[in-house]
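Residue numbers (the working numbering), protein chains in the order written: chain U, 491 to 734; chain L, 521 to 934. C-beta: ideal position from N, C-alpha, C; glycine also. Have a look at the structure below, then the notes.
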Amino acid sequence: MSESIIKIENMNKWFGDFQVLKDINLEVERNKKIVVCGPSGSGKSTLIRCINRLEEHQKGSIIVDGTELNEDTKNIEHIRAEVGMVFQQFNLFPHLSILDNCTLAPIWVKKLPKKEAQDLAMKQLEKVQIADQAQKFPGQLSGGQQQRCAIARALCMEPKIMLFDEPTSALDPEMIKEVLDAMVNLAKGGMTMIVVTHEMGFAKEVADEVIFMDEGMIVEKAPTKDFFANPKSDRTKLFLSQIL
Amino acid sequence: MTQKLKTNIYLGSILIFISIIDVSLNSFYKINFTNFLPDTISFLLPLILGTIGLYLIRYDYTGIKRLDSLNKNVNTSNFNALLTLLIIFIIIKSIPPSMSWMILDANISGDSRDACTGTGACWTYIKVWFKRFMYGMYPNELHWRINIAFILVIALGLIGLIKTEKLKKYLPLYYVVIYPIIAFLIIYYLISGGAFGLEWVETGAWGGLSLTFIVSFFCLIFCFPLGMILALGRRSTLPVIRYISIGYIEFWRGVPLITVLFMSSVMFPMFLPEDFFMDKLVRVIIAITLFEAAYCAEVIRGGLQSLPRGQYDAAKSLGMGYWKMQTFVILPQALKLVIPGIANTFLALVKDTPLIFVVGLAELAGMLALAKTNPEWLGFAMEGYIFASIIFWIICYAMSKYSYNLEAKYKTER
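What follows is the structure, encoded as structure tokens:
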């Protein structure tokens, strides 16, 4: 059994009076792929946003790669540099070219020389097959291309963990596949991944474990095969019957 | 085209033509060829004829391009047709008197008041006072110092046009920090003098358009960075910084500029130690800068607020700290969005500079106010103010054109 890279214990989070996450316990081992699913409003996105502290939790602890997330700012930026994140709305920087989107953080956060950062960026863009679009601006690309660029941008920081927040939900159906392909390739490369998604095909293909969340709680957590073959909770069964 | 339509169009056009000819003759040559009619009818005839004419040519579709667009845009109803004619006639009527005042009956020759014999404008006044309007009370033989200082400052400002990869990195630093300092030193030592063997000229003697430029220039380059910091401060999560920024902005937006200027020159020195001296012009520039920075801050804040939260999330998730995020991701986008608003603020700033007259500094409009009370040149305020309006209009129009260019240059698709 290998060590856990993410360890969440009794984590609780409130938005005002509303409790979004209730007693979350989760351990993710290195190189594992976790898929998080559940109905909207169940706290899936909030959970992974807590892992790189885009949201702050109020109770419990989150330990990422041996560092606990707390008020210490220096820590946070260090953690964030090691945890890549891909968003539903891509969130590319529209004023920068695709290449500059990818080199910005390596140059200014990791202090790589410009040339080196560009080589690295081209390599990552190559992997997601949009190297030929490097000089264009995000607004000139299709949704699928933008999302693949966002993946490349996160990879340029050479993160240890990748978080995906519904990466295909804002895409046209025919573009979903190209993004999923890029993610499958990444998974096969051995990246630790936590993916919030409704793409059950993707879950079956790459996930080691599937987590089902509802109303801010982890309802079920099981190895992929068991999760789909014989879900234990009724709530999970209902959910699966609706989306499969 | 049916026969009836054709007849109507010809008839209508002729009626409109007659009405315009009538007004033009009346206006330019004082001929009234309808004076056999009663006065009121004669006066209203062109309007009546024109309206009937426009009524006759009003068709949904005729196939004649010009006519169709005329019908669609101005000739949509009798009332609109009447308004259109009224506006055209007023323009025709007002051309001759203004032309004759400004050009035909105006004087420009000579160099004293006696040269102005015509009933029109006296441009001699502007000609004689031109140097004063440009340089204020600055000694005539030293005007070259102002000219050279301006040329140097403009030349240094154009350095940004040289596009070398190596230099590019330092441009923001250059424009925000180095350039203002160099420009200040040039203007201070060259125009003010007192060193390098140059005769000292006190700032009270500076004036005219050159002073307008100096005040606007320094206020513009200082108020922008200050406004940016205040805008960021107002959105800070640290309560102390946020409340200081809010307090600052609300204070300066709440007081009239004229009181600020007055305070800066009358009240401010009272709080300073006896032997501490700060030039009046410097105090005025600081006062206007602080005042306008509050406006800039609110404009920039508008831009910051219009950026989606995802941009902040993305920058943070890449490990960028606050300043890196603002410098490379947020501000470049926000500033692009606020170009029209900033241009607006800057134009208002330039047009506010005449207010420094209240503390005894006479820039262009101030010089006019002085000149019009000169006993030898009484009664030419009109010429002076028209002259100043034209100059201000040129400056402001150039600025607004420039802002359009910037907007086009930095336009990106979202």
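- Interface with chain L (7 Å Cβ-Cβ cutoff): L610(U) is excluded.
- It is roughly 10 Å from the alpha-carbon of M707(U) to the alpha-carbon of I701(U).
- Interface with chain L (7 Å Cβ-Cβ cutoff): R520(U) is excluded.
- Apart from the 5 residues on each side of it in sequence, N552(L) sits with its Cβ closer than 6 Å to the Cβ of N546 in its chain, given in chain order.
- The alpha-carbon separation between K836(L) and D671(U) amounts to approximately 26 Å.
- For E545(U), the closest Cβ of chain L is not nearer than 7 Å.
- Pairwise C-beta distances place the segment 864–877 of chain L out of contact with the segment 601–609 of chain U, as fewer than three of them are shorter than 8 Å.
- Judged by their CB atoms, S923(L) and I859(L) are nearer to each other than the 7 Å cut-off.
- Within chain L, no C-beta atom comes less than 8 Å from the C-beta of R638(U); the nearest is roughly 15 Å away.
- Contact with chain L is absent for F505(U), since none of that chain's Cβ atoms lies less than 7 Å from the residue's Cβ.
- Judged by DSSP in its simplified three-state form, D588(L) adopts helix.
- Distances from the alpha-carbon of A697(U) to those of D555(U), L676(U) and Q635(U) put L676(U) closest.
- Below the 8 Å Cβ cutoff, chain L contributes no neighbours of F702(U), its closest Cβ being approximately 25 Å away.
- Going by beta carbons, A660(U) and C592(U) fall outside the 7 Å limit.
- At a cut-off of 7 Å between beta carbons, L838(L) contacts chain U.
- Of all residues in the segment 816–850 of chain L, those with a C-beta nearer than 7 Å to a C-beta of chain U are G830, Q831, D833, A834, K836, S837, L838, G839, M840, G841, K844, F848 and V849, reading in chain order.
- No Cβ-Cβ contact shorter than 7 Å links I495(U) with V525(U).
- The C-beta of E567(U) comes closer than 7 Å to at least one C-beta of chain L.
- For A885(L), the closest C-alpha among the options L851(L), F653(L), L681(L) and G747(L) is that of F653(L).
- Taken in chain order, the unbroken stretches of alpha helix (DSSP H) that lie wholly in the segment 604–682 of chain U and span 4 residues or more are 604–617, 633–645 and 663–678.
- Following the DSSP letters along the chain, one finds N667(L) inside the alpha helix (DSSP H) bounded by residues H663 to G677.
- The segment 731–750 of chain L makes contact with the segment 810–829 of chain L; the number of CB pairs closer than 8 Å reaches 3 or more.
- Listed along chain L, the residues sitting closer than 7 Å to F577(U) by beta-carbon distance are G830, D833 and A834.
- Looking only at L730(U), R725(U), A621(U) and V709(U), the smallest Cα-Cα distance to F718(U) is reached by L730(U).
- Around the beta-carbon of D542(L), 16 or more other beta-carbon atoms lie within 10 Å, marking it buried.
- Under the Cβ distance rule, Q523(L) does not count among the residues neighbouring chain U, no pair being separated by less than 7 Å.
- Partner residues in the beta bridge of C642(L), as assigned by DSSP, are N627(L).
- If you draw a straight line from the Cα of L687(L) to the Cα of A751(L), it comes to about 29 Å.
- The beta carbon of L567(L) sits closer than 8 Å to the beta carbons of S539, L602, L605, L606 and F609 from its chain, once the five residues preceding and following it are set aside; these are given in chain order.
- Think of a sphere of 7 Å around the beta carbon of P852(L): the chain U residues whose beta carbon falls inside it are H585, in chain order.
- Taking the C-beta atoms as reference points, D662(U) is found no nearer than 7 Å to S535(U).
- Between the alpha carbons of P616(L) and N598(L) lies a gap of roughly 29 Å.
- For A571(U), the closest Cβ of chain L is nearer than 7 Å.
- With a cut-off of 8 Å on Cβ pairs, the segment 678–698 of chain U is not in contact with the segment 500–510 of chain U, counting fewer than three such pairs.
- Check the Cα spacing between S723(U) and each of D704(U), Q635(U) and A644(U): the tightest is with D704(U).
- Taking the Cα of M665(U) as reference, the smallest distance to any Cα among S632(U), F580(U) and N542(U) is reached at S632(U).
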